[in-house]
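Residue numbers (the working numbering): 164 to 278. What follows is one structure encoded as structure tokens, with my remarks underneath.
So this is what it looks like as structure tokens:
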């Protein structure tokens, strides 16, 4: 979604990345996060939320499909990250990227999924 990368290009690159990772480390556990709900992120507040949400959902469906095909682990940030509503401190001052607290929370989500 960043820099308006077309979904098919993103899908190709993710598939290639996972293939290469698995070839290089066949026994590694690979976890891939999907896209959080960007309508909750201040940077996107000026955008119409419906098309933005549709793009997020399209990317997430593609990510889920590729992750499943590669038998990797999906970390569902879309569902887990809805707590952004209650924790604006998880977003840095640029309104887009996670803050230190936000990255700490994301790490905790990955830890929870990976055990």
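Where a beta carbon is used, it is the ideal one built from N, C-alpha and C, also for glycine. This one's a predicted model, so the numbers in the text were calculated from it and none came from an experiment.
Contact check for residue 205 against residue 169 fails: the beta carbons are separated by 9 Å or more. About 6 Å separates the CB atoms of residue 195 and residue 237; that is less than 8 Å, so the two are in contact. By the neighbour-count criterion, in which a residue is buried when 16 or more other Cβ atoms sit within 10 angstroms of its Cβ, residue 177 is buried. For residue 219, the enclosing alpha helix (DSSP H) stretches over residues 212-232.
With contact defined as three or more Cβ pairs closer than 8 Å, the region 221-235 and the region 174-189 are in contact.
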